[in-house]
Amino acid sequence: MARLMLLVLAWLAGVAGWIVWVGHRDDARPADAIIVLGAAAYDARPSPVFEERIRHGLNLYRAGYAPVLLFTGGYGTGARFAESQVARRYAVRQGIPEEAILIETSSRTTLQNLLQARELMRQRDLHSAIIVSDPLHMSRALRLCRHLGIEAAGSPTPSTRFRSFQTQWRFLLQEVYFFHRDLVARVA
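Be aware that the sequence shown starts at 18, since it is given in this note's numbering, and climbs by one per residue.
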């Protein structure tokens with residue numbers, strides 16, 4: 018029984034290590050679009066987490082990595098604006114041309130974000146993307162991209178609002194859970 022427990026703990030530590038490792042790799046390379054994954058918005062303002070993602074997406078756009086910014090994220094409960102609308106408004110105020118921005122307003126989860134992004138990419142004949150999200154979220158986002166057939170490279174935000182040990186630990190545990198949930202869902 019002790020060996021089994023050690024094996025399980027080693028596996029979980031390995032999965033957590035992989036998630037952290039992927040989240041610290043910036044593989045940004047020229048692509049057709051930069052997909053900024055949604056996060057909470059407070060009315061017309063992005064949450065601090067979402068603002069970090071948006072800013073990083075804008076920096077990649079300005080550096081010439083892709084000609085299109087694709088913001089994802091739908092309406093939160095009772096929200097007047099979709100997350101992606103808030104992101105577009107933020108980007109335009111930062112001097113990004115509206116014609117360089119695509120949005121979808123119906124998604125509520127990471128999987129839905131990427132399904133909607135994939136559809137917008139198909140409609141506009143875009144084939145490759147840079148995914149922007151938080152470091153600890155990057156592993157799952159890229160795994161879902163592979164599953165959905167999206168040719169993607171990850172570029173995690175260089176700064177994250179998940180700074181304290183408690184928030185990082187909780188986020189990491191959540192991502193370890195999602196890793197296993199997704200694994201079981203594919204087998205079923």
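Every residue gets a Cβ at the ideal spot worked out from N, C-alpha and C, and that includes glycine.
A146 and I71 do not touch by the CB rule: their CB atoms are close to 16 Å apart, not below 8 Å. Boundaries of the beta strand (DSSP E) around I148: S145 to V149. DSSP places E121 in the coil class of the three-state scheme, outside both helix and strand. The alpha-carbon separation between T94 and L21 amounts to approximately 43 Å. For P84, the three-state secondary structure derived from DSSP is coil. Rounded to whole angstroms, L159 and I36 show a C-alpha spacing of 11 Å. Taking 8 Å as the cut-off, the Cβ atoms of L119 and L75 do not count as close.
For D43, the closest alpha carbon among the candidates V149, Y59, L165 and E168 is that of V149.
8 Å or more divides the Cβ of V193 from the Cβ of V25. Taken through DSSP and simplified to helix, strand or coil, G171 comes out as strand.
A distance of 8 Å or more separates the beta carbons of E69 and T89. Less than 8 Å separates the beta-carbon of A45 from that of Y82. Following the DSSP letters along the chain, one finds A108 inside the alpha helix (DSSP H) bounded by residues E100 to R110.
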